[in-house]
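Below: the structure, in structure tokens.
Number of protein chains: 2
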Amino acid sequence: MIQTMQQISTIEELRVQIKAARLQGKTIGFVPTMGFLHEGHLSLVKAAREKCDLVVMSIFVNPLQFGPNEDFERYPRDIERDSQMAAGAGVDLLFTPSVEEMYPRPILTTVSVANVTTPLCGASRPGHFDGVSTVVLKLFSIVQPDYAFFGQKDAQQVAVVTQMVNDLSVPVEVIPCPIVREADGLAMSSRNVYLSAEEREQALVLSQSLRQAAAWLEEGLPLEQIKARIRQMIADKPLAEIDYVEILRYPDLQPVETELPGQAIIVALAVRFGKTRLIDNLIAAIR
Amino acid sequence: MIQTMQQISTIEELRVQIKAARLQGKTIGFVPTMGFLHEGHLSLVKAAREKCDLVVMSIFVNPLQFGPNEDFERYPRDIERDSQMAAGAGVDLLFTPSVEEMYPRPILTTVSVANVTTPLCGASRPGHFDGVSTVVLKLFSIVQPDYAFFGQKDAQQVAVVTQMVNDLSVPVEVIPCPIVREADGLAMSSRNVYLSAEEREQALVLSQSLRQAAAWLEEGLPLEQIKARIRQMIADKPLAEIDYVEILRYPDLQPVETELPGQAIIVALAVRFGKTRLIDNLIAAIR
Numbered sequence: 001m002i003q004t005m006q007q008i009s010t011i012e013e014l015r016v017q018i019k020a021a022r023l024q025g026k027t028i029g030f031v032p033t034m035g036f037l038h039e040g041h042l043s044l045v046k047a048a049r050e051k052c053d054l055v056v057m058s059i060f061v062n063p064l065q066f067g068p069n070e071d072f073e074r075y076p077r078d079i080e081r082d083s084q085m086a087a088g089a090g091v092d093l094l095f096t097p098s099v100e101e102m103y104p105r106p107i108l109t110t111v112s113v114a115n116v117t118t119p120l121c122g123a124s125r126p127g128h129f130d131g132v133s134t135v136v137l138k139l140f141s142i143v144q145p146d147y148a149f150f151g152q153k154d155a156q157q158v159a160v161v162t163q164m165v166n167d168l169s170v171p172v173e174v175i176p177c178p179i180v181r182e183a184d185g186l187a188m189s190s191r192n193v194y195l196s197a198e199e200r201e202q203a204l205v206l207s208q209s210l211r212q213a214a215a216w217l218e219e220g221l222p223l224e225q226i227k228a229r230i231r232q233m234i235a236d237k238p239l240a241e242i243d244y245v246e247i248l249r250y251p252d253l254q255p256v257e258t259e260l261p262g263q264a265i266i267v268a269l270a271v272r273f274g275k276t277r278l279i280d281n282l283i284a285a286i287r
Numbered sequence: 001m002i003q004t005m006q007q008i009s010t011i012e013e014l015r016v017q018i019k020a021a022r023l024q025g026k027t028i029g030f031v032p033t034m035g036f037l038h039e040g041h042l043s044l045v046k047a048a049r050e051k052c053d054l055v056v057m058s059i060f061v062n063p064l065q066f067g068p069n070e071d072f073e074r075y076p077r078d079i080e081r082d083s084q085m086a087a088g089a090g091v092d093l094l095f096t097p098s099v100e101e102m103y104p105r106p107i108l109t110t111v112s113v114a115n116v117t118t119p120l121c122g123a124s125r126p127g128h129f130d131g132v133s134t135v136v137l138k139l140f141s142i143v144q145p146d147y148a149f150f151g152q153k154d155a156q157q158v159a160v161v162t163q164m165v166n167d168l169s170v171p172v173e174v175i176p177c178p179i180v181r182e183a184d185g186l187a188m189s190s191r192n193v194y195l196s197a198e199e200r201e202q203a204l205v206l207s208q209s210l211r212q213a214a215a216w217l218e219e220g221l222p223l224e225q226i227k228a229r230i231r232q233m234i235a236d237k238p239l240a241e242i243d244y245v246e247i248l249r250y251p252d253l254q255p256v257e258t259e260l261p262g263q264a265i266i267v268a269l270a271v272r273f274g275k276t277r278l279i280d281n282l283i284a285a286i287r
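As given, the protein sequences belong to chains A and B, one line each in that order. Residue numbering for the first sequence follows the UniProt record's numbering, starting at 1 and increasing by one per position. Residue numbering for the second sequence follows the UniProt record's numbering, starting at 1 and increasing by one per position.
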């Protein structure tokens, strides 16, 4: 089937297209991204393509979700390449608004989610999840999708968006999709491009320690011991600097009070290599 | 025309009705209220009736927008009477969810609007407008109206909701409607029922001082002098206790830095009579 993708950069034009699709009774799948696409993003498009009549992808590097000392300015961008990849993967509408289009005046409205934003990246990156929930709600208002597809690499983001959608009765179903990895195990990320060859090599410790954690969980090791062992594995890599190593209840991301068999948990890592901060996680259950 | 109103108390049931109306291409008008209806509310229904194919009214006394020492518990409720009045005014769908239906679990998501919420009732009632913007966004998500009708008595609420809708690109047009008054000038309010006969009499000072303010503005009196005269008028009423008397730029509710002719302003009052807090306002321009 020949698919002709339309690239749209204004909210008004997108609304016209969405309205037309709605009138034809089409279901709308939405893949919000910050661009610099990789196989992880394309797996979300594939899931949307299978479930929905119209697939909308947004590419917007959202300044609200970057801290003052973070990488908003240098975040990798390549809209030409992204556009080709999106078209190839079956995106129907590619929404690429400018910052001025999304925030024509300073935005005074903030959407905040409590509790699930407290630990992990919420603790390391103050304000980050306010920026995420605010822009996602705005994108949902513009695209009005039936389904929205998010990668589980950003597991906390999935938890935050799901909580927001439930709390505010937003008429969209959030569909989390599995982490996509390079052949050697490194979780796909637009930020991987920052890594030097040496950092790239040592960064394998994230996926390797999570694979070990899965085995240790199988063996029934206590969670504190698993955390200590992961920390040790990462500390053995000279270029690695731990931001956090946490094991929390899933999906509410609260501390595991008692280790009940069957309890769903997330093993979540954030590690810096030079200026690059990588995250990865494993969702599992206590034996 | 015989109008049969449907009363609905669950989100799911309302969604079914809204979806059916949408499929028939109907435009949807929405009048969110806390019930204990009066002519002010009915004027909103009238405006919605004239502009839209389907008129949805919600009645929900929203605990989020009441402070711990405010009147949530004793806020007047009379769903039987409200239902009859709504049907008589031409409401098609009356949405009357319980607190449990709206907030089945503690809500973790908050929608906050900065700046316009800082002065006036935002200063007197901390957290009030977070409760308002959060519930209004949730109701908008449920009802998905084309137009939403709000009374200008709550002028700051209109400003907050308009700002939120613009910031988040919510696909709804906010329609402010004029204040409706009793024959003697008292602005209609569900809280007027709290007033004793004596308080009710003295409460006329709100509308009277605003009428005076309009005349003083016509005469070109400086704003500070107008504020002082209003304060004096209110202070002359022994049962009145001023919460605030403010003149601000409209609609952004910021201080008037320089008194430019033609500048739109709001004269806003909040006055307590015993346990009852009344508000009223005038929107005008500097001469």
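Where a beta carbon is used, it is the ideal one built from N, C-alpha and C, also for glycine.
Point to revise | Three-way DSSP call (helix, strand, coil) for ASN40/B in this model | key: Position 40 of the second sequence, counting from 1, holds the residue named residue 40/B. Note that residue 40/B corresponds to Gly in the displayed sequence, not to Asn. GLY40/B sits in a helix when the DSSP states are folded into three classes.
Point to revise | Cβ neighbours of VAL31/B in the same chain (closer than 6 Å, five flanking residues each side left out) | key: As a first step, residue 31/B is located in the second sequence; it is residue number 31 there, counting from the start. LEU44, VAL45, ALA48, MET57 and PHE149.
Review point. Taking the Cβ atom as the reference point for each residue, do HIS128/B and GLY67/B lie within a distance shorter than 8 Å?
Key: In the second sequence, the residue the question calls residue 128/B occupies position 128. In the second sequence, the residue the question calls residue 67/B occupies position 67. Yes, they are a contact pair.
Check your understanding: Using 8 Å as the threshold, is the segment 74-89 of chain A in touch with the segment 101-121 of chain A, meaning 3 or more CB pairs across them?
Key -> As far as the Cβ criterion goes, the segment 74-89 of chain A does not touch the segment 101-121 of chain A, which means the pair count is below three.
Practice item. Determine, using beta carbons only, whether LYS138/A and LEU14/B come nearer to each other than 8 Å. Key: If you number the first sequence from 1, residue 138/A lands on position 138. If you number the second sequence from 1, residue 14/B lands on position 14. With contacts defined by Cβ atoms closer than 8 Å, LYS138/A and LEU14/B do not form a contacting pair.
Check your understanding: Listing by chain order, which chain A residues have their CB less than 7 Å from the CB of LEU137/B?
Key -> By 1-based counting over the second sequence, the position of residue 137/B is 137. Neighbourhood of LEU137/B in chain A, by CB distance below 7 Å: LEU168, in chain order.
Practice item. Taking all protein chains shown into account, decide if ASN281/A is buried (16 or more other Cβ within 10 angstroms of its Cβ) or exposed. Key: Within the first sequence, the letter at position 281 stands for residue 281/A. Buried, by the Cβ-count rule.
Practice item. Measure the C-alpha to C-alpha separation of ILE18/B and GLY274/A and round it to an integer number of angstroms. Key: Residue numbering aside, residue 18/B sits at position 18 when the second sequence is read from its first letter. Residue numbering aside, residue 274/A sits at position 274 when the first sequence is read from its first letter. One C-alpha to the other measures close to 53 Å.
Check your understanding: Between VAL99/A, ASN115/A, LYS26/A and SER207/A, which lies nearest to LEU253/A when the distance is taken from Cα to Cα?
Key -> The count along the first sequence starts at 1 and reaches residue 253/A at position 253. For LEU253/A, the closest of VAL99/A, ASN115/A, LYS26/A and SER207/A by C-alpha to C-alpha distance is ASN115/A.
Check your understanding: Taking the alpha-carbon positions, what's the residue 315/B to ASN69/A distance?
Key -> Look at the range of chain B in this structure, 1 to 287, and you will see that residue 315/B is not part of it.
Check your understanding: What in chain B is Cβ-close to MET57/A, meaning under 7 Å?
Key -> Counted from its first residue, the first sequence places residue 57/A at position 57. Within 7 Å Cβ-Cβ: nothing; MET57/A doesn't reach chain B, min ~18 Å.
Practice item. Below 8 Å CB to CB, which residues in the same chain sit around VAL170/B once its five sequence neighbours on both sides are set aside? Key: Position 170 of the second sequence, counting from 1, holds the residue named residue 170/B. So the qualifying residues of the chain are LEU137, PHE140 and MET164.
Check your understanding: Listed in chain order, which residues of the segment 107-126 of chain A have Cβ atoms closer than 8 Å to some Cβ of chain B?
Key -> Within the segment 107-126 of chain A, the residues whose Cβ lies closer than 8 Å to some Cβ of chain B are ILE107, LEU108, THR109, THR110, VAL111, SER112, VAL113, ALA114, ASN115 and VAL116, listed in chain order.
Point to revise | Through-space distance from ALA214/B to GLY40/B, alpha-carbon basis | key: If you number the second sequence from 1, residue 40/B lands on position 40. If you number the second sequence from 1, residue 214/B lands on position 214. Using only the alpha carbons, I get a separation of about 22 Å.
Check your understanding: Can you name the residues of chain A whose CB is closer than 8 Å to the CB of GLN163/B?
Key -> Within the second sequence, numbered from 1, the residue matching residue 163/B stands at position 163. Ordered by position in chain A, the residues that pass the 8 Å Cβ test against GLN163/B are LEU108 and THR109.
Exercise for review: Starting from SER124/B, trace the alpha helix (DSSP H) both ways and give me its first and last residue.
Suggested key: In the second sequence, counting from the first residue as 1, residue 124/B sits at position 124. Under the DSSP assignment, SER124/B falls in the alpha helix (DSSP H) whose first and last residues are 120-124.
Practice item. Measure from the alpha carbon of HIS38/A to the alpha carbon of each residue in VAL193/A, PRO104/A, LEU223/A and THR109/A, then state which is nearest. Key: Residue numbering aside, residue 38/A sits at position 38 when the first sequence is read from its first letter. VAL193/A is the residue among VAL193/A, PRO104/A, LEU223/A and THR109/A whose C-alpha sits nearest the C-alpha of HIS38/A.
Practice item. Tell me ARG81/A's beta-bridge partners as DSSP assigns them. Key: Here residue 81/A refers to the residue found at position 81 of the first sequence. DSSP lists no partner for ARG81/A.
Check your understanding: In three-state DSSP terms, what is MET1/A?
Key -> Position 1 of the first sequence, counted from the first residue, corresponds to residue 1/A. With a pLDDT of 47 at MET1/A, under the threshold of 50, the modelled position of this residue cannot be trusted; read the value that follows with caution. Here MET1/A sits in coil by DSSP.
Review point. Taking buried to mean at least 16 other C-beta atoms within 10 Å of its own C-beta, is VAL113/B buried or exposed?
Key: Residue numbering aside, residue 113/B sits at position 113 when the second sequence is read from its first letter. Buried: at least 16 other Cβ atoms inside 10 Å.
Check your understanding: Which term fits GLY151/B, buried or exposed, when burial requires 16 or more other beta carbons within 10 angstroms of its beta carbon?
Key -> Against the second sequence, residue 151/B aligns to sequence position 151. Classification of GLY151/B: buried, given that the 10 Å Cβ count is 16 or more.
Practice item. Look at ARG272/B and GLU241/B and say whether their C-beta atoms are less than 8 Å apart. Key: Reading the second sequence from its first residue, position 272 is the one you call residue 272/B. Reading the second sequence from its first residue, position 241 is the one you call residue 241/B. The answer is yes: Cβ separation under 8 Å.
Practice item. With distances taken Cα to Cα, identify the nearest neighbour of THR110/B among LEU93/B, ALA89/B, THR134/B and ARG125/B. Key: Along the second sequence, one-based indexing puts residue 110/B at 110. Checked all of LEU93/B, ALA89/B, THR134/B and ARG125/B; the closest Cα to THR110/B is THR134/B.
Review point. Start and end of the beta strand (DSSP E) containing ILE279/B?
Key: What you label residue 279/B is simply residue 279 of the second sequence in a count that begins at 1. Per DSSP, the unbroken beta strand (DSSP E) holding ILE279/B starts and ends at 276-285.
**Study point:** Under 8 Å between C-beta atoms of ILE230/B and SER209/B
**Key:** Counted from its first residue, the second sequence places residue 230/B at position 230. Counted from its first residue, the second sequence places residue 209/B at position 209. Contact: yes.
Review point. Can you tell which of LEU217/A, SER189/A, GLN6/A and ILE265/A has its C-alpha closest to the C-alpha of LEU93/A?
Key: For the purposes of this step, residue 93/A is identified with residue 93 of the first sequence, where counting begins at 1. With distances taken between Cα atoms, LEU93/A lies closest to GLN6/A.
Practice item. Have a look at THR258/B, THR276/B and LEU186/B and flag the residue whose alpha-carbon is nearest the alpha-carbon of ILE286/B. Key: For this step, residue 286/B is matched to residue 286 along the second sequence. It is THR258/B whose Cα lies nearest to the Cα of ILE286/B.
Practice item. Could you check what DSSP says for TYR244/A in three-state terms: helix, strand or coil? Key: Position 244 of the first sequence, counting from 1, holds the residue named residue 244/A. Correct three-state label for TYR244/A: strand.
Point to revise | Length at least 4, wholly inside the segment 90-170 of chain A: the alpha helix (DSSP H) runs in chain order | key: Annotation note: the segment 90-170 of chain A contains the following uninterrupted alpha helix (DSSP H) runs of length 4 or greater, listed N- to C-terminal: 99-102, 120-124, 128-143 and 155-167.
**Study point:** Boundaries (first-last residue) of the alpha helix (DSSP H) holding residue 290/B
**Key:** Not covered by the structure: residue 290/B. The range shown for chain B is 1 to 287.
**Study point:** Buried or exposed (CB count within 10 angstroms, at least 16 for buried), ALA89/B
**Key:** Here residue 89/B refers to the residue found at position 89 of the second sequence. When all chains shown are included, ALA89/B counts as buried.
Exercise for review: Pull out every residue of the segment 55-79 of chain B whose Cβ sits closer than 9 Å to any Cβ of chain A, in chain order.
Suggested key: Of all residues in the segment 55-79 of chain B, none is placed with a Cβ closer than 9 Å to any Cβ belonging to chain A.
Point to revise | 7 Å Cβ cut-off: residues of chain B touching ASP98/A | key: The count along the first sequence starts at 1 and reaches residue 98/A at position 98. Looking at the sequence provided, one finds Ser at residue 98/A rather than Asp. Chain-order list of chain B residues neighbouring SER98/A: empty, with the shortest C-beta distance near 14 Å, by a criterion of under 7 Å.
Check your understanding: Which residue or residues does DSSP assign as beta-bridge partners of THR33/A?
Key -> Here residue 33/A refers to the residue found at position 33 when the first sequence is read from its first residue. According to DSSP, THR33/A bridges with ILE59/A.
Check your understanding: Do you know how far the Cα of VAL132/A is from the Cα of LEU108/B?
Key -> Taking the second sequence and counting its residues from 1, the one referred to as residue 108/B is at position 108. Taking the first sequence and counting its residues from 1, the one referred to as residue 132/A is at position 132. Taking the straight line from one Cα to the other gives about 15 Å.
**Study point:** SER196/B, buried or exposed, once every other Cβ within 10 Å from all chains shown has been counted against 16
**Key:** Counted from its first residue, the second sequence places residue 196/B at position 196. The C-beta of SER196/B has fewer than 16 other C-beta atoms within 10 Å across all chains shown, which makes the residue exposed.
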